[in-house]
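All remarks here apply to the structure that follows.
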Amino acid sequence: MSCLQKIICRLDSPKNRVLAFSSQKLFTTFTRQLTVPSFPPNQQTLKSLCSNGQVTEALLEMATLGPEMKFKGYDTLLNACLNQRNLRGGRRVHAHMIKTCYHPPVYLRTRFIIFYNKCDCLSDARQVFDEMRERNVVSWTATISAYSQRGGIYSSEALNLFIQMLRSDIEPNEFTFATVLTSCANDSGFQLGKQIHSLIIKSNFESHIYVGSSLLDMYAKAGKIHEARGVFDCLPERDVVSCTAIISGYAQLGLDEEAMELFRKLQVEGMSSNYVTYASVLTALSGLAALDLGKQVHNHVLRFEMPSYVVLQNSLIDMYSKCGSLSYARRVFNHMSERTAISWNAILVGYSKHGMGREVVELFKLMREENKVKPDAVTYLAVLSGCSHGGMEDRGLEIFDEMVNCKDGVQPEIEHYGCVVDMLGRSGRVGKAFEFIKKMPFEPTAAIWGSLLGACRVHSNVDIGEFVGRRLLEIEPENAGNYVILSNIYASAGRWEDVRSVRELMKEKAVTKDPGRSWIELDQTLHTFHASDRSHPRREEVFAKLKELSIKLKEAGYIPDLSCVLHDVDEEQKEKILLGHSEKLALTFGLIGTPEGTPIRLIKNLRICVDCHNFAKFVSKVYGRKVSLRDKNRFHHIVEGTCSCGDYW
DNA sequence: TTAGGGTTAG
12 MSCLQKIICR LDSPKNRVLA FSSQKLFTTF TRQLTVPSFP PNQQTLKSLC
62 SNGQVTEALL EMATLGPEMK FKGYDTLLNA CLNQRNLRGG RRVHAHMIKT
112 CYHPPVYLRT RFIIFYNKCD CLSDARQVFD EMRERNVVSW TATISAYSQR
162 GGIYSSEALN LFIQMLRSDI EPNEFTFATV LTSCANDSGF QLGKQIHSLI
212 IKSNFESHIY VGSSLLDMYA KAGKIHEARG VFDCLPERDV VSCTAIISGY
262 AQLGLDEEAM ELFRKLQVEG MSSNYVTYAS VLTALSGLAA LDLGKQVHNH
312 VLRFEMPSYV VLQNSLIDMY SKCGSLSYAR RVFNHMSERT AISWNAILVG
362 YSKHGMGREV VELFKLMREE NKVKPDAVTY LAVLSGCSHG GMEDRGLEIF
412 DEMVNCKDGV QPEIEHYGCV VDMLGRSGRV GKAFEFIKKM PFEPTAAIWG
462 SLLGACRVHS NVDIGEFVGR RLLEIEPENA GNYVILSNIY ASAGRWEDVR
512 SVRELMKEKA VTKDPGRSWI ELDQTLHTFH ASDRSHPRRE EVFAKLKELS
562 IKLKEAGYIP DLSCVLHDVD EEQKEKILLG HSEKLALTFG LIGTPEGTPI
612 RLIKNLRICV DCHNFAKFVS KVYGRKVSLR DKNRFHHIVE GTCSCGDYW
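If you want it as structure tokens, here you go:
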């Protein structure tokens, strides 16, 4: 028996053949000389060879297969490559198929679409799809899915493909609907999404759990939470995804109390939760600044060993920083084994909102030095805003220049220009800020003018303030805040006639202010107050204490700032309105509800008014309390009569 | 063979 025959004899079992392939150079040489082995391989052999990275050898084996077995052989090879995300191997299989003039059926071509997509080669997947003469619902859905998974600019192509699919008379199935709806969860796709909803009803898929989840998510992302809830309530069965989708729908729209209420209700009904559910719940708790409840969720997550999910940790960072506990947020950040740009952004935003500019700049430097994660547009927003709020304006302007020079490949967008306006205005360079706006490559938004108007008020620049204020009243006539600031600017210059005219204008336009709301967490319960609110069970105590405060603080030098009230009423009435502001009620409740010396943590849904800010400063001084107040924009840490915002917010 | 929910944003 020759050497070659001996080797072939030993290769009867698939296991031995693989071993031989892996270990004996000699054998490979012989096999290549043979080109066509003398017996057909079975699927296990092909799979094993491919899994061992020996795609070329596996393809040589394919030569012995009859045409009817080739389909199965290629499928096996491709599956092995797919499991290992072996792009090179998959490409070889593809090339071999073309070279040997094998015409794969729809199934196999679709598998290649899926393979290329999973290997992140969208253009190859698309090429396979485009070259198909015949397509079925799976090949269409797999291609649509490749685009919808990527989101963003790819969503419109997913929708185009879906329309083409309908035109080619292929009926979508539940997979197609569940997929395509994810591409409708944006402003441009919503109208088509509603039409697809009609189609879903006609096709009787509305109650399908995957389709229903996708549908309710689309409505929630379009801000149509009632429609989303309608779809959810009609689902015959619910699972963790559909429940999480509706909870996160509420949370993403800032309907935090509703999100928590529904979460509790569904928990009672026995819903199961996973790390995505907790990430969404933490978003709602961040909005509510419910620290104690947030800690409870954190403990639960640790107990159930879910701590290593990056998404969950990012949510924890955000929750702790928005609840005022930056040290906890930093601890979570420090202990992460893997960080994404969102992890960095969340902690940077945290420091930024607390006015800690130096920490923002240091952390950003560390992010660049580590060079593991690239800063994105949000990173720059956090850093520029952090510099602005944290007294690091000049460093912020340098960082903006670096952005313009494309240091990290992130182009400044209009929001970044807005940060620069804020920085210039904050540091007193109001004229420069005005010039900067004029030269911007974008049309200034109301927010940008609003930022400059605030600067004009603080730095008493009546000329620019008047121009900007009048401009704002034209483009944003419904925003009561603009009238208040313009009126403040006129009042500071003693232009009482103009103050009156702004007031008249406001009345004429029937401007309504967003209702102000403040709350405080005591014993894991959120106590909410509206202006002049008399609904709280301890209202009598609150108002009695408020009266006492008014007297005591005035003795200490507090003078109510009546210019914060635009109602046309007498001075006594104005003072009464001011004293009824929701943040004063919540602060007073904090004083009576906590032991002496305990820090008080408040949250306001809008920007705090100048008078309430001053009031809180006097409370901190007279009553020896640290007051931490989170308003719409940032944290105010008030100690001994001084605020961390430096009276500019 | 194809499918749904998630974290950061002045």
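Positions 12 to 660 (the numbering used here) are the ones given, in order, by the first sequence.
Think of the CB as a built atom: it goes at the ideal place given N, C-alpha and C, for glycine as much as any other residue.
A quick note: this is a predicted structure, and the numbers were derived from the prediction, not measured.
The beta carbon of I496 is closer than 6 Å to those of L464 and R468 in its chain, skipping five residues each way along the sequence.
H541 is positioned such that its CB atom lies closer than 8 Å to that of P526.
According to DSSP, residue pairing for I531 in a beta bridge involves H538 and L613.
Judged by DSSP in its simplified three-state form, L408 adopts helix. Per DSSP, reduced to three states, the secondary structure at S156 is helical. Selection L89, A74, G200 and E79 evaluated against K58 yields L89 as nearest (Cα-Cα). Per DSSP, H647 is one residue of the beta strand (DSSP E) stretching across F646 to V650. Scanning G162, S284 and E426 for the CA closest to the CA of D250 turns up S284.
In the three-state scheme derived from DSSP, where H, G and I count as helix and E and B as strand, R96 is classed as coil. A direct Cα-Cα distance of roughly 30 Å separates K563 from G366. Inter-residue distance for L70 and H107 is about 7 Å (C-alpha atoms, whole angstroms). Taking C-beta separations shorter than 7 Å and ignoring five residues to either side along the sequence, the partners of V650 in its chain run S631 and K637, following chain order. Given a length threshold of 4 residues, each whole run of the alpha helix (DSSP H) inside the region 570-610 is given here in chain order: 582-590 and 593-604.
Cβ-Cβ distances below 6 Å link M176 to W151 in the same chain, with the five nearest sequence neighbours on each side left out; the list follows chain order. Considered as a whole, the region 362-420 harbours 368-381, 388-400 and 404-415 as its complete alpha helix (DSSP H) runs of no fewer than 4 residues, in chain order. Annotated as distal: K333 and S291, with beta-carbon spacing of 8 Å or more. Residues S159 and S225 of the same chain have their beta carbon placed closer than 7 Å to that of T193, with the five preceding and five following residues left out of the count. With fewer than 16 neighbouring CB atoms inside 10 Å of its own CB, E454 falls in the exposed class. Considering only H311, G361, S348 and R350, the residue with the shortest C-alpha distance to M330 is G361.
By DSSP's assignment, C654 forms a beta bridge with I649. Put simply, of L277, T154, C254 and E182 the residue whose alpha carbon is nearest the alpha carbon of N171 is T154.
Counting only the Cα atoms, Q535 lies some 23 Å from M282.
Exclusion of the five residues before and after D244 leaves no residue of its chain whose Cβ lies closer than 6 Å to its Cβ. By the neighbour-count criterion, in which 16 or more other beta carbons inside 10 Å mark a residue as buried, F600 falls on the buried side. Between L395 and F375, the C-beta gap is not smaller than 8 Å, which leaves the two residues out of contact. A residue is called buried once 16 or more other Cβ atoms fall within 10 Å of its Cβ, and H237, having fewer, is exposed. Exclusion of the five residues before and after G200 leaves S166, L170 and S194 as the residues of its chain whose Cβ lies within less than 7 Å of its Cβ. Every alpha helix (DSSP H) of 4 residues or more that sits fully in the region 86-130 is shown, in chain order, as 98-110 and 117-129. Within its own chain, the residues whose Cβ lies closer than 7 Å to the Cβ of K556, once the five positions on either side in sequence are excluded, are T599, L602 and I603, listed in chain order.
A buried status is given to K615, since no fewer than 16 other beta-carbon atoms sit within 10 Å of its beta-carbon.
Pairing V432 with V441, the inter-Cα distance amounts to about 9 Å.
With contacts defined by Cβ atoms closer than 8 Å, T190 and S156 form a contacting pair. Taking C-beta atoms under 8 Å as the contact rule, V312 and L323 qualify, at a distance of about 6 Å. Taking 8 Å as the cut-off, the Cβ atoms of A444 and A458 do not count as close. In its chain, beyond the 5 residues on either side, Y391, F411, M414 and V415 have a beta carbon closer than 8 Å to the beta carbon of P423.
In this structure, DSSP gives L640 an extended state, which the three-state scheme calls strand.
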